[in-house]
Amino acid sequence: MSEYVNTNMPSNYEYPPSLQSNLKICTLNCRRLIKTGQPDHRSAFIRYLRSLKLDILSFQETHAHSIQLQESLDMQLQCSASIWTKHCGIVSMNTSITLTPILITIDQRVIICTLTHINNLFPPITLINIYGPAQPSERSSFYHNLLQLPYFRNHYLPADINSYDSNVVILGDFNLKISSFLRSASPSLSCPKFIWSTMLEQWYQLCSSADVPTFRSGDKSSTIDYIYASPDLHRHFHSTTTDYLNTNWTDHAVLVVNFKCTNHFQGHGEPILHLQKINICDIIQTLKNIW
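Laid out in structure tokens, this is it:
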């Protein structure tokens, strides 16, 4: 298990316990949750997921193609709310947190919803769950279409650097190694995968570990699963873990992020501009030309 604890939380962050709430969110490619032909493996997998005591589970590669399969998963997980597609799922295990769908893409690889606490222990949070195509030939068009969504197009490259969406979590199995695009000596500014990677690094902060592999198969490993948060929400980031699971269940790790939430979120953080060698104005102009 890999674990990271944020030691840079602001000193004025402590509030009375009655106003505090841990918010634990995970992302997991649950490849064999439904596909496994061995009921014992499936039952053990689901028992493990319940034992994590998480608030929100975000799944990719669900294979939940029918209402019957989705209802079966709800019953086995004993969740309080869920949103499923044939590729993704978002599940609330906390009866105090509701899910409100915002958008499901036509290919069903992206779910955008709002998390709301019934006692307002934290402001509504926009959660974006993404499952990028496993086939390399399909990824460029997927990320091109993703960047065309009004949600990204209208909000994630604002003219005013201090104007951006607040309380956002972007996570999932991107089937994309972000660092390989960001460290390229001669990046293609028109490549949708590069534009997506740059946008995340420019406007969001990584909550999961950048250097710990999240996918393992035989002697191969890679970091392709991520959790990002908007700067204001990242101020409440407490810790993250990366756990490798039984290979009978999945070849991906489960990534968990823990936020220390209160109903007194303090203002906005500032976007962190990580890339020094790339002119963001060039990228914005490229996006304008594409659109």
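Counted from 1, the sequence shown has number 737 at position 68 by the numbering used here; the numbering is strictly sequential.
The beta carbon of each residue, even a glycine, is placed where N, CA and C say it ideally should be.
Please check the pair residue i and residue j, which I expect to be a contact at CB under 8 Å, by giving their CB distance rounded to whole angstroms.
i    : j    : result
K816 : W865 : Looking at the sequence provided, one finds Leu at residue 816 rather than Lys. Going by Cβ atoms, the distance from L816 to W865 rounds to 6 Å, so yes, they are a contact pair.
I781 : I771 : 4 Å
C930 : S765 : At roughly 12 Å, the Cβ-Cβ gap does not stay under 8 Å, so C930 and S765 are not in contact.
Out of the options, which has the shortest C-alpha to C-alpha gap to residue i?
i    : options                : result
G801 : E730, L858, T910, N789 : E730
D834 : F843, Y820, D776       : Y820
L914 : F714, D709, S690, G758 : F714
S859 : I781, L718, H813, T764 : H813
L718 : I896, Q804, I771, S761 : S761
R778 : S765, R808, T767       : R808
S806 : K862, S751, S765       : K862
G887 : C876, I752, T916       : T916
Do residue j and residue i come within 7 Å of each other at the CB atom, strictly closer than that value?
i    : j    : result
K773 : T785 : As written in the sequence, residue 773 is Ile, which differs from the Lys given in the question. Result no, Cβ atoms of I773 and T785 do not sit closer than 7 Å.
F843 : I893 : yes
Y897 : L851 : no
A750 : T767 : yes
I797 : I839 : yes
H905 : Q874 : no
V837 : S899 : yes
What does a CB cutoff of less than 6 Å around residue i pick up in its chain, not counting 5 residues either side in sequence?
i    : result
A828 : Unreliable placement is indicated for A828, whose pLDDT of 48 sits below 50; no coordinate value is reported for it.
T911 : S671, S878, V881, A922, L924
L818 : none
R700 : E730, T919
Could you check the C-alpha separation between residue i and residue j for me, to the nearest Å?
i    : j    : result
T883 : V926 : 14 Å
F928 : L742 : 26 Å
W918 : F791 : 33 Å
G841 : C757 : 9 Å
K889 : A733 : 28 Å
Using a Cβ-Cβ cut-off of 8 Å (strictly less than) and excluding sequence neighbours within five positions of residue i, which residues of its own chain qualify?
i    : result
C695 : L721, L723, I725, L726, S727, V923, L924, V925, V926
Apart from the five residues on each side of it in sequence, which residues of its chain come closer than 7 Å, Cβ to Cβ, to residue i?
i    : result
Q747 : R719
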